[in-house]
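2 protein chains.
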Amino acid sequence: MVTVSRPGLRERKKQRTRDALLHAALELFLAQGYERTTVDEIAEAVDVSQRTFFRYFAGKEEAVFFAQSVTEAQFLDAVRQRPSHEAPLEALRQAVLEVWDALGEVVGQLLPPELHLRVCRLIESTPALLATQLRRSAELEERLAEVIAEREGLDLDKDPRPRVAVAVFCGVLRVTKRLWSCGDDNSPASMRELTACHLDAVGPALAQKWRTG
Amino acid sequence: MVTVSRPGLRERKKQRTRDALLHAALELFLAQGYERTTVDEIAEAVDVSQRTFFRYFAGKEEAVFFAQSVTEAQFLDAVRQRPSHEAPLEALRQAVLEVWDALGEVVGQLLPPELHLRVCRLIESTPALLATQLRRSAELEERLAEVIAEREGLDLDKDPRPRVAVAVFCGVLRVTKRLWSCGDDNSPASMRELTACHLDAVGPALAQKWRTG
DNA sequence: AGGCTAGTGACAGCGTCTGACATTTGACAA
DNA sequence: TTGTCAAATGTCAGACGCTGTCACTAGCCT
């Protein structure tokens, strides 16, 4: 009994196939565009039947958002574990910065960080993918609102503040992420700075007077 | 020359076909679901070839969002025409309430208001449609940000406030619309009230202390 | 009346995705 | 080792969305 911890040959093989499909898919998407890449091409690159691809991924989209799922779940967890004395927006802010700092390690095990960034850009520039991205983000918002409501001991259907706070926060975050991923400086430091800057801009943006230069 | 204002027989015929396709599509979507409705069914209901449907609409989705386009354009116009002395958020708030009051008349000419509401609910409950809805909304946000920046004489790339303000506002609006369309009271009055309530909740939601009973 | 062109139908084809069935391959016990 | 079971995969057929092409009809203009 030497193979106690090992997941067994079958499981390992499966993992390898999934991984090969994922990487082949992303490489092809980045090289020639999402729409111009067919499932047949991906399957052929891994030397597997088209049918097998659909047994691992519900469709081309699922391959694209595989890494995103990880960071989303991580963000949700980070919020849950913020100390409860923090105000909701403060907790959200700290959580997102946390996740961002750790992004390199966590995603890095699944995908090269540089590849991840290019996938983000691909999503932004492909309408169909952007649409799905936003829908996923909306689902995340709902779950975040639940977490916030629970933290504060509120009823999500009676007090609008959890949903409103999350909507505001995620809205700002979206603007930030878009600007950052499309910009020149793609360092984590630049992301921290932009995030902080935009969150600090919420107050002034809501103010009555913008023109008091 | 009696037919000066009339658009000509050809044009009228075209309009009638488009209208018939639109209505048939929406009826079928609502009756049996979006995904479970094929383009062939829609075409057959209007007694037209499948190919013709695609000459009027880029796809099934375009039919669903036909009415939405109208209200979006109207909202954008309303914001443009708000007096420039109003603060950005105030202008956005007034504009959306304006559009909402006039919605019955404008959309009503194209679709029965009650049908429009049911289409909204269909969108909310169909992932693929929700995704597209959100993407369209994101495009609208960008255009709104441009308008706000111009009103205030700002450079969109240097000052984050326009995008942030719009993101906050649209985020709140999205939460509001979703709750309203899924709720029981679908009166315009209820929409006004909810919108105002949620916008007023932004301040408190951003506050440090939520628990000061 | 007759030519021009927009609108249409019919058909073929590509790509995504699913269901059904047969085959292979790893897991496990006899 | 061998046989059995279940999981993974391949193969095939087909539905559906969408596009290109080509010929034909019907409104339009002179």
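Chains A and B, in that order, are what the protein sequence lines are.
The first sequence lines up with residues -3 to 209 when you count with this note's numbering.
The second sequence lines up with residues -3 to 209 when you count with this note's numbering.
From the three backbone atoms N, C-alpha and C, an ideal C-beta is built for every residue, glycine too.
As the structure is a prediction and not an experimental result, all values here were calculated from the model.
Alpha-carbon to alpha-carbon, residue j and residue i
{"i": "C178 (chain A)", "j": "D36 (chain B)", "result": "41 Å"}
{"i": "A21 (chain B)", "j": "V102 (chain B)", "result": "20 Å"}
{"i": "R38 (chain B)", "j": "L18 (chain B)", "result": "Inspection of the sequence shows that residue 38 (chain B) is occupied by Ile rather than by Arg. Between I38 (chain B) and L18 (chain B), the C-alpha separation is close to 9 Å."}
{"i": "A251 (chain A)", "j": "R117 (chain A)", "result": "This structure leaves residue 251 (chain A) out entirely; chain A is present only between -3 and 209."}
{"i": "E120 (chain B)", "j": "Q64 (chain B)", "result": "13 Å"}
{"i": "V66 (chain B)", "j": "G4 (chain A)", "result": "58 Å"}
{"i": "M(-3) (chain A)", "j": "L99 (chain A)", "result": "For M(-3) (chain A), the predicted structure reports a pLDDT of 39, less than 50, and the residue's modelled location is therefore unreliable. The matter cannot be settled from this model."}
{"i": "L72 (chain A)", "j": "D15 (chain B)", "result": "45 Å"}
{"i": "L113 (chain B)", "j": "E40 (chain B)", "result": "26 Å"}
{"i": "V0 (chain A)", "j": "R8 (chain A)", "result": "Bear in mind that the predicted position of V0 (chain A) carries a pLDDT of just 44, short of 50, making it too unreliable to give a figure here."}
{"i": "G167 (chain A)", "j": "S45 (chain B)", "result": "43 Å"}
{"i": "P109 (chain B)", "j": "V60 (chain B)", "result": "14 Å"}
{"i": "L150 (chain A)", "j": "F53 (chain B)", "result": "45 Å"}
{"i": "F50 (chain A)", "j": "K56 (chain A)", "result": "9 Å"}
{"i": "R170 (chain A)", "j": "E58 (chain B)", "result": "25 Å"}
{"i": "R6 (chain A)", "j": "T48 (chain A)", "result": "15 Å"}
{"i": "L107 (chain A)", "j": "R132 (chain A)", "result": "20 Å"}
{"i": "L190 (chain B)", "j": "L26 (chain A)", "result": "44 Å"}
{"i": "F62 (chain B)", "j": "K10 (chain B)", "result": "16 Å"}
{"i": "Q90 (chain A)", "j": "Q105 (chain B)", "result": "49 Å"}
{"i": "E68 (chain A)", "j": "C193 (chain B)", "result": "30 Å"}
{"i": "V115 (chain A)", "j": "Q28 (chain A)", "result": "13 Å"}
Pair within 8 Å by beta-carbon distance, residue i and residue j
{"i": "L88 (chain A)", "j": "F165 (chain A)", "result": "yes"}
{"i": "V198 (chain A)", "j": "V143 (chain B)", "result": "no"}
{"i": "A83 (chain B)", "j": "W206 (chain A)", "result": "yes"}
{"i": "V95 (chain B)", "j": "L140 (chain B)", "result": "no"}
{"i": "P200 (chain B)", "j": "R157 (chain A)", "result": "yes"}
{"i": "L202 (chain A)", "j": "L85 (chain B)", "result": "yes"}
{"i": "A134 (chain B)", "j": "L130 (chain A)", "result": "yes"}
{"i": "T13 (chain A)", "j": "L24 (chain A)", "result": "no"}
{"i": "S80 (chain B)", "j": "R147 (chain B)", "result": "yes"}
{"i": "Y30 (chain A)", "j": "T122 (chain A)", "result": "yes"}
{"i": "L136 (chain A)", "j": "A145 (chain A)", "result": "no"}
{"i": "P184 (chain B)", "j": "D97 (chain B)", "result": "yes"}
Amino acids of chain A, ordered along the chain, whose beta-carbon sits closer than 9 Å to that of residue i
{"i": "V75 (chain B)", "result": "Correct list: empty, because the minimum Cβ distance to chain A is about 15 Å."}
{"i": "G167 (chain B)", "result": "E137, V160, V162, A163, V164, F165, C166, G167, V168 and R170"}
{"i": "A91 (chain B)", "result": "The contacting residues do not exist; A91 (chain B) stays about 17 Å from chain A at best."}
{"i": "A69 (chain B)", "result": "Within 9 Å Cβ-Cβ: nothing; A69 (chain B) doesn't reach chain A, min ~19 Å."}
{"i": "A87 (chain B)", "result": "Neighbours of A87 (chain B) on chain A: none; closest Cβ ~11 Å, over 9 Å."}
Under 8 Å from the C-beta of residue i: neighbouring residues of chain A
{"i": "T128 (chain B)", "result": "A127"}
{"i": "A83 (chain B)", "result": "A203, Q204, K205 and W206"}
{"i": "E146 (chain B)", "result": "By Cβ distance, chain A contributes nothing, its closest Cβ being about 13 Å from E146 (chain B), past 8 Å."}
{"i": "A63 (chain B)", "result": "Under the 8 Å cutoff, chain A gives no residues; its nearest Cβ is about 19 Å from A63 (chain B)."}
{"i": "A27 (chain B)", "result": "Near A27 (chain B) there are no residues of chain A at all, since even the closest Cβ is about 24 Å away, more than 8 Å."}
Interface partners of residue i on chain B, CB under 7 Å
{"i": "P156 (chain A)", "result": "C193, H194 and A197"}
Residues that residue i contacts on chain B, provided the C-beta gap is smaller than 8 Å
{"i": "R131 (chain A)", "result": "P123, L126, A127 and L130"}
Interface partners of residue i on chain B, CB under 9 Å
{"i": "A39 (chain A)", "result": "Result: empty, since nearest Cβ-Cβ is about 24 Å, beyond 9 Å."}
{"i": "A185 (chain A)", "result": "Neighbours of A185 (chain A) on chain B: none; closest Cβ ~18 Å, over 9 Å."}
Any non-hydrogen atom of the ligand FMN closer than 7 Å to residue i Cβ
{"i": "R47 (chain A)", "result": "For the ligand FMN, the structure offers nothing, since it holds no ligand at all."}
Contact list for residue i against chain A, beta-carbon separation under 7 Å
{"i": "A59 (chain B)", "result": "Per Cβ cutoff of 7 Å: no residues; A59 (chain B) is ~17 Å from chain A at best."}
Inset, instruction - Output, in sequence order along the chain, the residues in the segment 193 to 209 of chain A whose CB is closer than 8 Å to any CB in chain B. - result: C193, H194, A197, V198, G199, P200, A201, L202, A203, Q204, K205, W206 and R207
Legend entry - Members of the segment 41 to 55 of chain B that neighbour chain A once the beta carbon cut-off is set at 9 Å: none
Inset, instruction - Anything in the segment 93 to 119 of chain B with a Cβ closer than 7 Å to a Cβ of chain A? List those residues in chain order, please. - result: none
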